[in-house]
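The structure appears below as structure tokens.
Numbering (this note's numbering), first residue to last: 626 to 1471.
This is how it looks when you write it as structure tokens:
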């Protein structure tokens, strides 16, 4: 007969489901307690696996009996007991991975698989224990297994792995998970029955009443067992909850205040709290499974850690301070207590390390050590270099160092207990010391220089700093005086003052008598005195930073200055005469001495130039030079004029006589040339005669304007022939001067003719007359070829000329005529641009 025959007893199955729910809830309760408790884990695990195993067995056992109670007659008790043990074993294998602190997805998969196997094994063994034959529908059987596996996975995931539920929601997770497991077992049983074909074997049966009695007996025993498990679970839960409350409070306090880590017997880290992660910068995933070498800073020696391990492995508590290295490389200090937990044999099976962050304290200690060392070093340095004394608030000396005794010539015993009046030299006034005490008495630092008297009567100077030390009320309770011997410096200062005064006096004398300038090694002017500015016409601001090229007149050659620099550059003193050019264009001569100042290497670092104005002396020398030349020319003229004049007269007479009878034009032209040359020679002789016997100048007051106009008119025709345009410019009609009109005309004729001859290709010649500073300035300016600088200074010398046919006597005579009128001639010229003759004559005041 296919299928099981008999009456159906559904209430058995409902009771079985209820018992399975209670068993599931009890098992899950115990397993969750294991997760949160560190005590009685083995007993809790054993109770949980037994409860879950019996729960699965109950559903399968009573599920089969609901179909046919007569099956109990042929029930095999040993196989039934075996099915229970098989269920418990697979349940244990399913929940064993949940001992760990972290549950992965593969833990859930393996747990679900082993629970599914437990359901299948109990179902199959129970069927065979009832001595029936079974055949399975494969597809339905596989579907049933998958459905059981999925439901069990869902329940385990909800309870042990899901992070989607808050603490409030987790209250109902256990009963929901228990319901899902119960439904999975019951549904699995029903589906497995549906997927199997069961036929009863022929075995002598028992009476129905006896079978029912056994069923009730089994049911009663099952209820008692389940009730006992529930009661024991409840009692254990309450005890563990009570103890866990204290443990959680302690753990919470530790987590909040300390850095906590748990390692196994080999030192492998199995747990760390948030503060450990925070200070080490490592996450739990990076730390769990590693040892503390991960954070070793290398600061401590191997002996340090060896001693630590010997202590804790012997079961003793170790305390100490350790410097660790965080993940980011930063260092931190922890005050560490390592507590070993011992097994029954007295051997450590785990260690708890409780640490406190003492990094700030260690830094403070290090800073304090450094500060203390610094103070000791400063004290040592002060004692070696300074004169130190400490006094109380009343000024009594309480401590002095050796240098104080050395300079004061007093012994320490003579000084202690006295005040500083013992050293008073009388140099400073009472007001000086009153001010000192007023300053330090108000808590301020006083600094100054004091002259003291030693025991032997000698005086010494000290640079003094007095520092008051204040009490809690801000009042000084002692003073520290730090002094430095400055006696040598004061003597040097006194000597320096005398030297500076001497130098100041010398400088004053130089400034009053000489033209002084300082330059750096490159010749840049760094300082000048008032006389330099006065003679150069430049202000101090215009001169400083410039070199002496600013004053270069162009008179001296480059070789002249090269030789000068060669002398002073080698450290030698140079002396010589230089012609300079002032800002207004005027020239002046200075007698110059340049003294180089040398550095340690013997190289000049600055130069001092001391000059004296010799312009007037040079002018007198030039006048004397000219006068000597004129005297020589005059003597020559006196000796030669008479000897030349007589032959000239004869030559001129005969030439004129020959001219009367000569009819040949060519010969007449030759005779005219001879007569012109005789006249030219005669004029030269006349000039010689003037030089030899100059006529006395007779000055009369005249208007110079018509005189100049007359000369310009006389030369206008000659100028026009040479393509020269004459211009006369005068803003006044009458300018009175005292002059010899004929002599002045000779000068104007010479200068204007020279200007015309200087422009062979034509040009413009300007004659300007103006009043300037009570003088008449007459400027004759051409646009001719100009005169080179080297020739310009020779103008006016006898027989020096820039013209091919000139003899130089015309300019010399012109210069001499102007000098006889108390006037001056200045010549300005630039090659290819032209020449200007400036005549200055005293104007007649009205």
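The beta carbon of each residue, even a glycine, is placed where N, CA and C say it ideally should be.
Under 8 Å between C-beta atoms of residue i and residue j
i	j	result
residue 1085	residue 1140	no
residue 1171	residue 1150	yes
residue 808	residue 776	yes
residue 1163	residue 1208	yes
residue 977	residue 959	no
residue 1372	residue 1442	yes
residue 1324	residue 1303	no
residue 668	residue 709	no
residue 1458	residue 1411	yes
residue 904	residue 982	yes
residue 798	residue 784	yes
residue 1392	residue 1405	yes
residue 979	residue 919	no
residue 1202	residue 1192	no
residue 1077	residue 1048	yes
residue 715	residue 742	yes
residue 937	residue 965	yes
residue 1466	residue 1448	yes
residue 803	residue 646	yes
Local conformation of residue i per DSSP, three classes
i	result
residue 1149	coil
residue 1214	strand
residue 907	coil
residue 1128	helix
residue 1018	coil
residue 1467	strand
residue 1546	The question about residue 1546 has no answer, for the chain in this structure spans 626 to 1471.
residue 797	coil
residue 1383	coil
residue 829	With a pLDDT of only 41 at residue 829, under 50, the local geometry of the prediction cannot be trusted, and the value read off the model is given with reservation. The answer is coil: DSSP assigns residue 829 none of H, G, I, E or B.
residue 1162	coil
residue 650	helix
residue 1233	strand
residue 1362	strand
residue 632	Only weak support exists for where residue 632 lies, its pLDDT of 45 falling under 50; the value from the coordinates is given anyway. Coil at residue 632, not helix or strand.
residue 976	strand
residue 790	Note that residue 790 scores a pLDDT of 49, beneath 50, so its modelled location is shaky and nothing firm can be said.
residue 1140	strand
residue 1110	strand
residue 1177	strand
residue 1439	helix
residue 1169	coil
residue 1275	helix
residue 1054	coil
residue 1324	coil
residue 672	helix
residue 1369	helix
residue 1223	strand
residue 737	helix
Start-to-end residues for the alpha helix (DSSP H) that takes in residue i
i	result
residue 989	984 to 1010
residue 1524	Because the chain spans 626 through 1471 in this model, residue 1524 falls outside it and cannot be assessed.
residue 935	927 to 938
residue 1204	Looking at the DSSP string, residue 1204 is not in any alpha helix (DSSP H); the run it does join, the beta strand (DSSP E), is 1199 to 1206.
residue 1184	1183 to 1194
residue 1044	First-last for residue 1044: undefined, no H or E at that position.
residue 1416	1414 to 1417
residue 1037	1037 to 1040
residue 1033	1027 to 1033
residue 766	763 to 781
Residues sharing a beta bridge with residue i, DSSP
i	result
residue 1461	1406, 1453
residue 896	887
residue 1238	1215
Residue-level contact to chain B via CB, residue i, 8 Å cutoff
i	result
residue 1414	No chain B appears in this structure, which consists of one protein chain only.
N- and C-terminal bounds of the beta strand (DSSP E) containing residue i
i	result
residue 1396	1388 to 1397
Practice task
Pick out the complete beta strand (DSSP E) segments inside the segment 1059 to 1099, 3 residues or longer, and give them in chain order.
Solution key: As summarised for the segment 1059 to 1099, the continuous beta strand (DSSP E) elements at least 3 residues long and confined to that stretch are 1071 to 1078, 1084 to 1095, given in chain order.
Practice task
Could you tell me which uninterrupted beta strand (DSSP E) segments, each at least 3 residues in length, are contained entirely in the segment 1326 to 1353, listed from first to last along the chain?
Solution key: As far as the segment 1326 to 1353 is concerned, it has no whole beta strand (DSSP E) run of at least 3 residues.
Exercise for the section: Starting from the N-terminal side, write out each stretch of the beta strand (DSSP E) that is 3 residues or longer and does not extend beyond the segment 943 to 974. Expected result: Counting only runs of 3 or more, we get 943 to 950, 956 to 967.
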